[in-house]
Amino acid sequence: MNTYTQQELDSILQQHKLWLENQGGERAQLRNADLSHLALQNLDLRCANLIRANFSGADLSGTNMNEADITYANFSHANLNNATFRDADLRNADMSHAQMLNVDLYRADLFRTDFTHANLDDDALNRVDPSNTIIKLRNPNQECFAASLGKQ
113 MNTYTQQELD SILQQHKLWL ENQGGERAQL RNADLSHLAL QNLDLRCANL
163 IRANFSGADL SGTNMNEADI TYANFSHANL NNATFRDADL RNADMSHAQM
213 LNVDLYRADL FRTDFTHANL DDDALNRVDP SNTIIKLRNP NQECFAASLG
263 KQ
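Using the numbering used here, you'd call the opening residue of the sequence shown number 113 and step up by one each time.
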């Protein structure tokens, strides 16, 4: 795992912002980053490389991760309330025990994503395409989500 000082992380995020705005900069490369237990609220991480990043216990509430590559990332026990993952690649991600109220997973690739004991609201998985998705849902209060995935 790669660790970053706050100054290094701020620089990466500033360069990523410039890249998103087509003003130079470069795409955030946070592959294998240890970002656990950090306050990362309301960031713009669209299109970032977050493969195998460790966000366990982090506060990512309100963060935009649309179109990001987040395969094999660890979000266990993270606060993801109001985060967006539209068109994100979340294959094999660990979302276990995460707080995920009002999260947007529209067209996200959730193949083998683990939502064991995640706190999801009723609408979180409504727009997920079930045809190529394997999702672990083991919270007894959310059994209806697995059944609703087949609804059109």
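C-beta: ideal position from N, C-alpha, C; glycine also.
All values derive from a computational prediction rather than experimental measurement.
- Task: Kindly indicate which three-state DSSP category Leu232 falls into: helix, strand or coil?
- Result: Your numbering for residue 232 matches position 120 in the sequence shown. In the structure shown, Leu232 sits in a strand (DSSP, three-state: E or B).
- Query: Helix or strand or just coil, what does DSSP make of Asp171?
  - Reply: By 1-based counting over the sequence shown, the position of residue 171 is 59. DSSP places Asp171 in strand when its eight states are reduced to three.
- Message: Going by DSSP in three states, Gln119 sits in which element: helix, strand or coil?
- Response: Numbered from 1 along the sequence shown, position 7 holds the residue referred to as residue 119. Helix, per DSSP.
- Message: Quick check on Gln127: does DSSP put it in helix, strand or coil?
- Response: As a working note, residue 127 is residue 15 in the sequence shown. DSSP places Gln127 in helix when its eight states are reduced to three.
- Query: Asn194 bridges to which residues according to DSSP?
  - Reply: As a working note, residue 194 is residue 82 in the sequence shown. Per DSSP, none; premise fails for Asn194.
- What residues match up with Lys141 in a beta bridge as DSSP calls it? Your numbering for residue 141 matches position 29 in the sequence shown. The sequence shown places Gln at residue 141, not Lys. Per DSSP, Asn161.
- If you compare alpha carbons, which of Ser188, Ala140, Gln126 is closest to Asp226? Residue 226 sits at position 114 when you count from the first residue of the sequence shown. Minimum Cα distance to Asp226 is reached at Ser188.
- Query: Is Leu132 helix, strand or coil by DSSP?
  - Reply: Here residue 132 refers to the residue found at position 20 of the sequence shown. It is helical.
- Query: Of all the options Asp201, Asn186, Gln126, which has the alpha carbon lying nearest to the alpha carbon of Ser148?
  - Reply: Indexing the sequence shown from 1 puts residue 148 at position 36. Nearest of Asp201, Asn186, Gln126 to Ser148, Cα basis: Asn186.
- How about Met207 and Ala195: are their beta carbons less than 8 Å apart? The residue you call residue 207 lines up with position 95 of the sequence shown. The residue you call residue 195 lines up with position 83 of the sequence shown. No.
- Query: Would you call the CB atoms of Leu155 and Thr175 closer than 8 Å?
  - Reply: To locate residue 155, count along the sequence shown from 1; it is residue 43. To locate residue 175, count along the sequence shown from 1; it is residue 63. Contact: yes.
- Buried or exposed: Leu172, going by 16 or more other Cβ atoms within 10 Å of its Cβ? To locate residue 172, count along the sequence shown from 1; it is residue 60. Buried, since its Cβ has 16 or more Cβ neighbours within 10 Å.
- Item | Gln211, buried or exposed, once every other Cβ within 10 Å from all chains shown has been counted against 16 | The residue you call residue 211 lines up with position 99 of the sequence shown. So Gln211 ends up on the buried side.
- Query: What's the gap between the Cα of Ala165 and the Cα of Asp233?
  - Reply: Taking the sequence shown and counting its residues from 1, one reaches residue 165 at position 53. Taking the sequence shown and counting its residues from 1, one reaches residue 233 at position 121. C-alpha separation (whole angstroms): 25 Å.
- Buried versus exposed call for Ser123 [16 or more other C-beta atoms within 10 Å across all chains shown]: Indexing the sequence shown from 1 puts residue 123 at position 11. The residue is exposed, with fewer than 16 neighbouring Cβ atoms inside 10 Å.
- Task: Compare the C-alpha of Thr228 against each of Arg219, Asp221, Asn214, Ala205 and name the closest.
- Result: Here the question's residue 228 lines up with position 116 in the sequence shown. That would be Ala205, whose Cα lies nearest to the Cα of Thr228.
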